[in-house]
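Note sheet for the following structure.
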Amino acid sequence: FRKIATPIYKAAVYTNKSLLWTEECARAFKILKERLCGENVLALPNFEKPFIVETDACDLGIGGVLSQECEKITRPVAFYSKTLSPAEQKYSTSEKELLAIVKTVENFKYFLFGRTFKIVTDHQPLKWLSSVKEPAARLARWLIRLECYYFKIIYRKGSVNQNADGLSRLPIKAVGAENNEENCEFMVSFVELRAQTSDLKWISDLILEYGHKQPHLEPRNQTQLKLLREYKNLFLKNSILFRKFERNNKIFNQFVIVESDKKTVLDNFHKSLFAGHLGYEKTLNKIEERFYWTGMKKDVFKFVQECLTCQKVKQSRNVHSAKMVPLRPIRPLELIAADIVGPLPVATTGKKYILVIIDHFT
Ligand SMILES: [Zn+2]
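Count along the sequence shown from 1, then add 113; that gives the number in my numbering.
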């Protein structure tokens, strides 16, 4: 689409003020219309099924397609393309391919975060990168940006690639249950994994040592106490701590997260583009299917209640409005009204309420 639209784009950008509509533009416009009605029409995403990301790069731009297999046909869910800046155009082919992966994956992060997906590309940017002795700072940064995603790279060209497995990412091997890449139950992202190992090591160690038999241990703080109460539901899978959770006869394996990751999870499940600011119960239900931390219910409740967007947009359901009566004070300080607004998001000074006092006459 980017290629087809180039003449129109050029006409709009490079000619000052007036739009220079040429034969070429008209043709491009017609092709665009046809393509938009053709078989490439987007499919709705199905979050039960794995996603496929295809990326590509050419001299002037990069692009990607998010697709899914639907009744044996691969159908696009969303497209992404970006024209490269003059500086980016000077990158080598491999760098552009890698940039295409980074940009495309980040663009579709709401579909991909926390899920396993495939990346189909016709270059081998990651292989090339591993052969570079000292990757430039820029490339290292790109790799870090990809670290919190779970994917497997598949090459479009060449014979069936023997190295594909070797290049698939470490976390998949470490966490992936029984080599079954479709089994997302135990999948967690690399960032989460790293955080967990440092903060929850003590309880993992206990489980490793004592197994199902809970040892007697004096908890050092509230978090430890709560976690120890959950001991019988906790278990390790490939050295990762999970909690077994049952709801409506369905078992969920919750990934136990640490304090510092709470906000990321709450943001993702309430505020992100696909979370849609659901109420307390629905937000909690969604989080419960994948994550656990001590005091989760309380945190979700507080988070939803204090969400600024929700406060602005949603109306309280239990509004008891009394009959309106005109107030007619005739001098200052005759009638004073006071009320508290909040709780609002906590200010840098630690305050979260506003006391409002009104003199009805002035
Ligand atoms: Zn909200």
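We treat Cβ as the ideally placed atom computed from N, Cα and C, and that holds for glycine.
To the nearest angstrom, how far is the alpha carbon of residue i from that of residue j?
i, j, result
"Thr475", "Phe192", "58 angstroms"
"Lys376", "Phe404", "12 angstroms"
"Tyr481", "Gln337", "Outside the shown range of the chain, which is 114 to 475, sits residue 481, and nothing can be said about it."
"Ile186", "Tyr263", "23 angstroms"
"Tyr116", "Lys143", "Checking the sequence, you will find Lys at residue 116 rather than Tyr. Between Lys116 and Lys143, the C-alpha separation is close to 14 angstroms."
"Leu225", "Tyr466", "38 angstroms"
"Leu440", "Leu457", "29 angstroms"
"Ser194", "Ala253", "23 angstroms"
"Glu331", "Val426", "46 angstroms"
"His383", "Phe365", "20 angstroms"
"Ala493", "Ile257", "For residue 493 there is no data in the structure shown, the boundaries of the chain being 114 and 475."
"Ser207", "Lys123", "27 angstroms"
"His325", "Asn346", "9 angstroms"
"His390", "Ile400", "13 angstroms"
"Pro284", "Glu260", "Unreliable placement is indicated for Pro284, whose pLDDT of 27 sits below 50; the coordinate value is still reported in the next sentence. For Pro284 and Glu260, the distance between alpha carbons rounds to 9 angstroms."
"Gln202", "Leu173", "6 angstroms"
"Ala450", "Lys395", "37 angstroms"
"Glu305", "Ser352", "Any reading at Glu305 must be qualified, since the residue scores a pLDDT of 45, below 50, and its modelled position is unreliable; the value itself is stated next. Glu305 and Ser352: Cα-Cα distance of roughly 13 angstroms."
"Leu313", "Cys420", "29 angstroms"
"Arg356", "Ala388", "23 angstroms"
"Ser205", "Val126", "26 angstroms"
"Lys464", "Glu147", "57 angstroms"
"Val459", "Glu322", "42 angstroms"
"Ala118", "Ala141", "6 angstroms"
"Ile316", "His329", "12 angstroms"
Using only the heavy atoms of ligand 1, determine whether one of them is closer than 6 angstroms to the beta carbon of residue i.
i, result
"Asp422", "Note on identity: in this sequence residue 422 is Thr, with Asp being the wrong assignment. Answer for Thr422: yes, Cβ within range of ligand 1."
"His390", "yes"
Are the Cβ atoms of residue i and residue j separated by less than 7 angstroms?
i, j, result
"Leu354", "Val371", "no"
"Val438", "Asp452", "no"
"Leu212", "Ile175", "yes"
"Phe221", "Leu179", "yes"
"Cys138", "Pro163", "no"
"Pro189", "Leu145", "no"
"Thr492", "Lys350", "Summary: the structure shown does not reach residue 492, with the chain confined to residues 114 through 475, and so no result is reported for it."
"Asp231", "Ile267", "The question names Asp, but residue 231 in the sequence shown is Lys. Yes. Within cutoff."
"Leu386", "Phe416", "no"
Check whether the Cβ of residue i lies closer than 7 angstroms to any Cβ atom in chain C.
i, result
"Glu402", "In the structure shown, chain C does not exist; there is a single protein chain."
Practice item. Pair every Cβ in the region 216–231 with every Cβ in the region 165–185, then say whether three or more of these pairs are closer than 8 angstroms. Key: yes
Point to revise | At least three beta-carbon pairs within less than 8 angstroms, the region 408–423 to the region 442–451 | key: no
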